[in-house]
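Report on the following structure.
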Amino acid sequence: MPYDLNRYDGFAPANFREESPFKIHGGCGLMGICDESGALMSGEVPILAMAVQRDRGNGLGGGFAGYGIYPAFPDHFCFHMMYHDLRAKEEAEAILDRHFLIEVAEPMPTRPVKGITGAPLLWRYFMTPHTHMLEERDVSAEDYVVGVVMLVNSRVDGAFVASSGKNMGAFKGVGYPEEIGHYFRLEEYEGHTWVGHNRFPTNTPGWWGGAHPFTLLDWSIVHNGEISSYGINSRYLEQFGYTCSLGTDTEVAAYLFDLLLRRHKLPVELACKALAAPLWDEIDRMPADAAALMRSLRAVYGPGMLNGPFAIVLGFNGGMVALNDRIKLRPLVAARSGAVIMVASEESAIRTVLPAPDEVWTPKAGEPVIARVAGMEPPFHSQLHASPAEISCAMTAVEAACHAEEVVA
Amino acid sequence: MQQSFVQPEFRVKIDYDKCHKCGRCVQQCGWGVYDFNERPVPHDEKCRACHRCVTFCPAHCITIEKNTLAFRDNDNWSTDARKAVWKQAETGGVLLTSMGNPKPYERIFDKLLLDACQVTNPSIDPLREPMELRTYLGRKPDNVEIVPDGNGGFKLAEGAGVHHNIKLDTPIIFSPMSYGSVSLNVHRSLAMAAERCGILMNTGEGGLHEDLYPYQDNVIVQVASGRFGVSPEYLQRGAAIEIKIGQGAKPGIGGHLPGEKIDREVSATRMIPQGSDAISPAPHHDIYSIEDLRQLIYALKEASGYKPVGVKIAAVHNVAAIASGIVRAGADYVYLDGFRGGTGAAPAVIRDHIGIPIEIAIAVVDQRLREEGIRNQASIIAAGSIRSSADAAKAIALGADVVAIGTAALLALGCHLCQSCHTGKCSWGITTQKPELTRRIDPEWGAERLTNLVHAWSHELQEILGALGVNAVESLRGSRERLRAVGLDEQTCRILGVKPAGL
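Those protein sequences? They're chains A and B, same order as listed.
If you're matching positions, the first sequence starts at 1 in this note's numbering and goes up one per residue.
If you're matching positions, the second sequence starts at 410 in this note's numbering and goes up one per residue.
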C-alpha cells in the first residue's frame, strides 16, 4: 500500500525523542562484502548473507546499503526518501526542486512481500546541485547536500532522507532483512560493496527510518552491539557540537568516525585504534615511536573509546572497514576469496556466499578489516565542512539537533 | 581557675580486675589522660577517644564510653551548640578543630547508585580479563596530529601528541598534607607508598624534606600563599607543581600551623623560625585576579622546565566559573576539594559552614569545561571525603579524572578521627612532631598499609568496571549515564546530570 494517505504511526522521526528518550538496547547481525577489483555483484548476495543470520534479528529492522549500484548516474546525488504522506512528499520535493536540478524522480521499485506492512512512501531522486546556488553560497557540493538533508529532515514533518550519496543507496525498513531486500528488489541491483544489517531491538518498536544502515552522503554504518561507554562517548561528542539524540550506539559510532576521519583527519587504521584502543600493556611493548603515538591517541581519545561489545561495518564509496571491540565480545568473522573480502557476524553467512574462500579468519579484537576498491578515491569527504551539529541533524532528523535556517535558507 | 561548664565528652573505664598495672596506657596516651598511682587513674576530660590506649592495652581492660550526661531535650539548642557557647564564654576565642566537617549534611555519594550490565551487554570478569586503571594526569591536545612515517605507516607530527602528563597506575592519589601538620614519618610513608603504587603524594604547603628527595618523581610540590619551603630547587624536584588557592575544610582562609608543631626540622623545611606560628595569608598576595594566577602558573612552569602545574581550589558556590578561568589560565589540572575535606587545623565555624559538596563541584566543573570545549585541557582531581572505592567510582563517573585521599590515608595509619590534630599531641604519631610520638609510625609499616589500601580500592574499582561492562577507567570517567539517584530532588539530579533510578 505505497500510496496510503493514512499516517504510519511507526514512522515518526521528528518527535522520536519524545517517544523514546532512553537508550535503545539490543543485539544484531551484520555483514559487509567488497570486491576490491571493482567487479559488481548482485544484491542477492547480501540478501543471502543476511537470510542465514535471520535468528540474529527479531523482525523489527533490516537494511542494506549498496555502492556502485547506479552506474547510469555515477555523478548524481541520489536521495532515497521516506514520506509519511503526500503532503510531506510535496513539501520535501519543493525543497529538493529549489536546490537541485532533478534528473529523475521516481517511486522506489518495490514488490509486495509477506511480512512487510506499513511502508511509508518510498521515492528516489537523481539530482545535481544548482551550480549558481553553490557559487552564491560559496560552499562545496557536499556541504550543500548535507544542508539540504538537514533542511528536509528538520523542516518537513514526515519526511526522512534514507540516503544521500553518489552511486549508492540505502534500503531499509521494518522487517527481516531478507524480506526488506526482496521488498526493495535488491537482486536487480549490482554493486561492488554491500553492507547489511539485521536488528534485534529489545525495547522500542522498530521504525523505518531507525533501521540500519545509518547514512550520510557516501557513508553508511551498520552496527551490532551495545556500547557500555555510551554515556561518556556521547558527552565527548557533545563537546564538539554533535547531538546524540536518538540514544543509539550506532549514532555515536557514526559521529566518532566523522570526528576522527573527517574533522581530525586520522587515517582509518588509526581511527580504529582510537575507537578500539590496544591495552596499555600492549602499548608499552611497542617500539618507542609507535608507543608514543598510541599513548597519545589513547590519552586524547579515551573519552571516545568504544567500550563494551560491538562489531561495526562502515561502508563508503570505494570500500569498507569492519571493526570489533577491544576484547572481542561480539562476533565478527572475515574471509577473502580472490578479490572479494567479506565480513559477517557468523561464518555461515560467509560460507553461504563464498563457498570456497581462500582464507577465513577471526579478526583480532580491535584489528580492523579494511577493504578498498582499486582505483577509487580516498573515501572521506574532504570537501565537506559541515559542523558536528549539522551532521547530527542530517543523520537523525531530530529537531533539537537542527538549526536548519542557518545552513540553507 | 573557674570551673568549666563543659563536662568531659568521654568516660574512660578500666576493668581493674583484669588490669596488669603495667602502665602501658600511661605511656601510650599522648593527651595525658592517665596518672599512675599503683594503678592507672584516668582523667576523663583529657580523653579524645582516639583508642590508642585501648588498642595497646595488653589486658584489653580499657573501654571508652560516651559521657551520656542528660541534658533537657532541645532540638534547636543541641548539646554541641551549648558547649560551644560555654567554651567561647570561657576563652573569648575562635573555636579550633581539625579533620573534616562532621555535620549531618546530605551525603550525595550515598544517594547515587552504579549500573551493571546484563545480557544485551555483558559484564566483564576482572579476575580473568584485563581491567585498566591507568590514568594520565595533565593537559591533552584537542586532537592528535600525525604524518606518514615513510614506511607506509604513521607517526606523531613534530611536537604533536601528549606531553608533560603524569602516568598514574590507578586514579587514586594522596591529598596534600604538609610536613609540620603531619610528621616526617607520615610523609615518608606516603612517599614510599606513592612510589610503590605508581601514584603521587603531595607535600602540602610545608616544603619537601630532603629525606623525600629519592621519591621526588612521585611527589607533587605545593606552592601556597605562605610560600613555605618554596625554592627553585623545590620546584624542580616535584613531578608536578600545585598552586594551593583554597582548601575544602577552610575555603577563603590560609593554613594554620601552631608554633608548638614547628621544631628544628620543620623549621628548616618550611624556611621559617622554630616555634613561630605558620599562618598562611588568606589570599596569595600576588594573586588578586585570574590574570595574576596565569602569571604565577607560567612563572612556575618557566622555573621548573614546564612541569605540569595544577591549581587546588575549595568547592564553593561559583566553582565552575573559577575552574574554567583556571583552565584558561593554563593549569594542567584543577584540584577540587569539597566541603567535607580534612584539615590539620581550622576554625570550626569555617569548616562546618562554608563550601559545597564535592559531588556537586565535580558535576558542574566537568559540565562547564565540556560546554566550553576545554575539558581536555586539564584533568580534574576530586577530593573532600572520598571514603571508599565506591565514592571514588562515583566521583569518576561524575567527571573526575583522579580522586585524592587524605583522611582515608591517615585512617590507614591509625587515625581514629578524634579531630584534635591541631593540638600536636596525636597519640598515633601522625599529626605531631614530638619525637616520642612520631616514632610510633615506622615508614615501612606505614607504606605497606597505605599500599594495601590503594591496592584494595584499585581491585574494587576493577570489580566495579567489570560489572559496568567496561575494561578501562576512561570509559567510566564522566559517564553519568551509569549513575542513578535515589532520593535526590529533581534540581539536584539536573545539576549532577544524573537520572533518578527508574529512568
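Every residue gets a Cβ at the ideal spot worked out from N, C-alpha and C, and that includes glycine.
Candidates the options: closest to residue i by CA position
| i | options | result |
| --- | --- | --- |
| Met305/A | Arg448/B, Glu883/B, Cys456/B | Glu883/B |
| Leu48/A | Met376/A, Lys364/A, Pro388/A, Thr352/A | Thr352/A |
| Ile232/A | Pro303/A, Cys244/A, Met294/A, Phe73/A | Pro303/A |
| Pro557/B | Ala277/A, Phe240/A, Pro267/A, Asn198/A | Pro267/A |
| Phe240/A | Pro112/A, Ala386/A, Ser42/A | Ala386/A |
| Ser698/B | Gln416/B, Ala498/B, Ile735/B, Ala729/B | Ile735/B |
| Thr841/B | Ser507/B, Asp484/B, Lys670/B | Lys670/B |
| Ser345/A | Glu359/A, Lys328/A, Val152/A | Lys328/A |
| Glu899/B | Lys520/B, Met610/B, Ala566/B, Asp534/B | Lys520/B |
| Arg54/A | Val148/A, Tyr70/A, Met31/A, Asp35/A | Met31/A |
| Glu666/B | Arg849/B, Thr506/B, Pro844/B | The residue asked about is misnamed: residue 666/B is Leu in this sequence, not Glu. Of Arg849/B, Thr506/B, Pro844/B, the residue nearest in Cα terms is Thr506/B. |
| Ile582/B | Ala566/B, Lys564/B, Leu593/B, Met601/B | Met601/B |
| Gly66/A | Ala92/A, Asp138/A, Tyr189/A | Tyr189/A |
| Leu536/B | Gly875/B, Arg893/B, Ala569/B | Gly875/B |
| Glu604/B | Asn611/B, Tyr624/B, Leu593/B | Tyr624/B |
Through-space distance from residue j to residue i, alpha-carbon basis
| i | j | result |
| --- | --- | --- |
| Cys466/B | Cys431/B | 9 Å |
| Phe22/A | Gly613/B | Residue placement at Phe22/A is flagged as unreliable, the pLDDT there being 44, under the threshold of 50; the coordinate-derived value follows with that caveat. Using only the alpha carbons, I get a separation of about 45 Å. |
| Tyr195/A | Val333/A | Just to set this straight, residue 195/A is Val in the shown sequence, not Tyr. Looking at the two C-alpha atoms, the distance is approximately 14 Å. |
| Glu464/A | Asn861/B | What the structure shows of chain A is the stretch from 1 to 409, and residue 464/A is not part of that stretch, so it cannot be assessed. |
| Asp157/A | Lys166/A | 25 Å |
| Asn727/B | Ala813/B | 22 Å |
| Pro682/B | Ser676/B | 6 Å |
| Gly661/B | Cys830/B | 20 Å |
| Asp325/A | Phe748/B | 41 Å |
| Leu351/B | Leu237/A | The structure shown does not extend to residue 351/B, since chain B spans only 410 to 912, so no value can be given for it. |
| Pro363/A | Glu554/B | 27 Å |
| Phe100/A | Thr215/A | 20 Å |
| Ser836/B | Gly439/B | 4 Å |
| Ala39/A | Gly173/A | 27 Å |
| Val408/A | Arg777/B | For Val408/A, the predicted model reports a pLDDT of 41, less than 50, meaning its position is unreliable and no value from the coordinates is stated. |
| Arg903/B | Glu44/A | 50 Å |
| Ala371/A | His192/A | 11 Å |
| Arg262/A | Leu384/A | 8 Å |
Proximity of residue i and residue j at Cβ, strictly below 7 Å
| i | j | result |
| --- | --- | --- |
| Asp746/B | Gln656/B | yes |
| Val442/B | His452/B | yes |
| Asn574/B | Gly547/B | yes |
| His80/A | Ala159/A | no |
| Ala723/B | Gly764/B | yes |
| Tyr744/B | Ile790/B | yes |
| Leu354/A | Ala335/A | yes |
| Thr544/B | Val811/B | yes |
| Ile706/B | Gly739/B | yes |
| Ala299/A | Val313/A | no |
| Leu133/A | Asn317/A | This sequence places Met at residue 133/A; Leu is not what is there. No, the pair does not count as a contact, with Cβ atoms beyond the cut-off. |
| Ser587/B | Gly615/B | yes |
| Arg330/A | Ala311/A | yes |
| Met508/B | Leu820/B | no |
| Arg679/B | Gly638/B | yes |
| Gly823/B | Ser584/B | no |
| Leu709/B | Ile650/B | yes |
| Cys28/A | Asn198/A | yes |
| His76/A | Thr128/A | yes |
Could you please tell me which residues of the region 223–247 of chain A, in chain order, have their CB closer than 9 Å to any CB of chain B? Gly225, Glu226, Ile227, Ser228, Ser229, Tyr230, Gly231, Ile232, Asn233, Ser234, Arg235, Tyr236, Glu238, Gln239, Phe240, Gly241
Taking a Cβ distance cut-off of 9 Å, strictly less, list which residues of the region 274–291 of chain A are near chain B, in chain order. Ala274, Ala277, Leu279, Trp280, Asp281, Asp289, Ala290
Say whether the region 853–871 of chain B touches the region 796–815 of chain B, bearing in mind that this needs 3 or more beta-carbon pairs closer than 8 Å, one atom from each stretch. yes
Are there three or more Cβ pairs, one per stretch, closer than 8 Å when the region 473–491 of chain B is compared with the region 451–462 of chain B? Judged by Cβ distances under 8 Å, the region 473–491 of chain B makes contact with the region 451–462 of chain B, as three or more pairs qualify.
Does the count of Cβ pairs from the region 217–228 of chain A and the region 251–268 of chain A closer than 8 Å reach three? yes
If you pair each beta-carbon of the region 881–895 of chain B with each one of the region 624–634 of chain B, do three or more pairs fall below 8 Å? no
Please identify, using Cβ separations under 8 Å, the residues of the region 869–888 of chain B that lie next to chain A, in order along the chain. In summary, the residues of the region 869–888 of chain B whose CB is separated from some CB of chain A by less than 8 Å are Leu877, Gly878, Val879, Asn880, Ala881, Glu883, Ser884, Leu885, Arg886, Gly887, Ser888, in the order they occur in the chain.
Short of 9 Å Cβ to Cβ, which residues in the region 829–861 of chain B face chain A? none
Does the region 121–129 of chain A come close enough to the region 185–192 of chain A that 3 or more CB-CB pairs lie under 8 Å? No, the region 185–192 of chain A does not touch the region 121–129 of chain A.
Per the contact definition of three or more C-beta pairs closer than 8 Å, is the region 105–122 of chain A in contact with the region 142–150 of chain A? no
Give me the subset of the region 294–310 of chain A whose CB atoms are less than 7 Å from a CB atom of chain B, sorted by chain position. Arg295, Ser296, Leu297, Ala299, Val300, Gly302, Pro303, Met305, Asn307, Gly308, Pro309
Closer than 7 Å, Cβ to Cβ, to anything on chain A: give me those residues from the region 521–532 of chain B, in chain order. Look at the region 521–532 of chain B: the residues with a C-beta under 7 Å from a C-beta of chain A are Cys526, Thr529, Asn530, Pro531.
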